[in-house]
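Protein chains in written order, with my numbering: chain A, 1 to 144; chain B, 145 to 284.
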Amino acid sequence: MRNSSDRSITIVSTLGLAAMVTAVCFLRPGATSWLPPCPLHALTGFYCPGCGSTRMLYYLVHGEPGMAFRENALSFLALPVVLYGLVRQWMRPNSGVFTRIRPGWVLAFGGLVIAFTVARNISAQPFCSLAPGGECRTALVQAR
Amino acid sequence: MFCPQCGSKNDEQSLHCSQCGAALQQPPAVQAPVQAPPPQYPAPGAQPYYPPPQFGTAPPPTLPPVPNYLTQAIMATIFCCIPVGIFAIIRANEVNKKLAAGDYAGAVQASNSAKSLCWWSVGAGIGFTILYYMHQLGKF
């Protein structure tokens with residue numbers, strides 16, 4: 001029972017990532033309405049940590065890593081980690097991936113995600129370049 | 145032996161101290177010898193009796209590893225659903241913490257909680273995508 005549900009999580013998450021990669025191979029984010037936008041941003045104008053990750057994948061697939069990094073630095077850096085984790089889950093289905101990382105580091109990563117989210121919404125110069133595309137236009141919090 | 149009350153010397157077999165009368169002999173503790181179960185003659189047609197293995201001869205059972213779904217938690221945070229994703233990261237951290245502390249049962253519990261959070265984030269992502277497409281198609 002544990003095996004099959006773990007396996008299905010691995011399958012579903014791999015399929016989800018593959019679907020996104022396939023979609024950006026054929027569709028251009030922003031030029032088509034077939035790619036769903038970020039719900040948080042659509043509702044509040046706030047940049048969530050994932051905003052721009054579809055565009056990030058698009059630029060990666062089309063061979064422009066520099067633009068990809070500017071769209072979403074966190075996704076860009078987390079992508080190899082995620083790929084590694086998925087490969088490990090496929091190769092050794094029931095092993096614990098990343099379970100030997102010291103707990104403080106995992107929480108620190110969570111803190112980094114939150115800090116990234118807050119920073120990219122500040123419209124002061126060093127922070128707003130974390131917003132998708134590195135642009136400083138529509139950030140929510142106006143710094144003095 | 146010496147009396148525990150007054151300290152005077154008494155015979156080894158004495159029951160009471162000759163000086164103060166205190167009891168000397170403790171009733172001997174009953175030492176039950178450890179016995180293997182007696183072999184039994186099996187009834188006709190019954191299974192033969194195998195004595196259970198002695199402790200220390202069989203290797204200890206290895207516990208299955210506990211996944212923390214951190215990979216999926218990161219994916220959920222970045223692609224799907226940020227609030228659920230952050231919770232999933234926190235749960236994954238709990239799994240690591242309990243494993244490091246040796247609390248296997250607690251780690252399994254945290255792992256199951258992380259797993260259900262991952263399913264919630266999948267549901268949220270799929271649900272939002274469906275709503276989005278329905279809105280696009282003018283069904284809303």
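By construction, the Cβ of each residue, glycine as well, lies at the ideal position given by its N, Cα and C atoms.
Outcome for residue i when other beta-carbon atoms lying within 10 angstroms are tallied against a minimum of 16
{"i": "residue 226(B)", "result": "buried"}
{"i": "residue 229(B)", "result": "buried"}
Short CB-CB distance (under 9 angstroms) between residue i and chain B
{"i": "residue 50(A)", "result": "yes"}
{"i": "residue 113(A)", "result": "yes"}
{"i": "residue 129(A)", "result": "no"}
Cut-off 6 angstroms between Cβ atoms - residues of its own chain near residue i, not counting five sequence neighbours on either side
{"i": "residue 120(A)", "result": "47, 130, 131"}
{"i": "residue 51(A)", "result": "38, 41, 132"}
{"i": "residue 134(A)", "result": "70"}
{"i": "residue 251(B)", "result": "210, 239, 242, 243"}
Close Cβ partners of residue i (< 7 angstroms) along its chain, the five nearest in sequence each way excluded
{"i": "residue 211(B)", "result": "255"}
{"i": "residue 62(A)", "result": "none"}
{"i": "residue 147(B)", "result": "154, 161, 163, 164, 166, 168"}
C-beta neighbour in chain A for residue i, strict 9 angstroms
{"i": "residue 278(B)", "result": "no"}
{"i": "residue 248(B)", "result": "no"}
{"i": "residue 264(B)", "result": "no"}
{"i": "residue 253(B)", "result": "no"}
{"i": "residue 206(B)", "result": "no"}
{"i": "residue 282(B)", "result": "no"}
{"i": "residue 228(B)", "result": "no"}
Under 7 angstroms by beta carbon: chain A residues contacting residue i
{"i": "residue 239(B)", "result": "99"}
{"i": "residue 243(B)", "result": "99"}
Distance between residue j and residue i (C-alpha atoms, nearest Å)
{"i": "residue 247(B)", "j": "residue 96(A)", "result": "15 angstroms"}
{"i": "residue 159(B)", "j": "residue 167(B)", "result": "6 angstroms"}
{"i": "residue 263(B)", "j": "residue 88(A)", "result": "20 angstroms"}
{"i": "residue 18(A)", "j": "residue 10(A)", "result": "12 angstroms"}
{"i": "residue 54(A)", "j": "residue 20(A)", "result": "7 angstroms"}
Partner residues on chain A for residue i, Cβ-Cβ distance less than 8 angstroms
{"i": "residue 219(B)", "result": "13, 16, 17, 82"}
{"i": "residue 209(B)", "result": "94, 95, 96, 99"}
Cross-chain neighbours of residue i in chain B, by beta carbon under 7 angstroms
{"i": "residue 106(A)", "result": "214, 233, 236, 237, 240"}
Listed by chain order, chain B residues near residue i by CB distance under 9 angstroms
{"i": "residue 75(A)", "result": "222, 223"}
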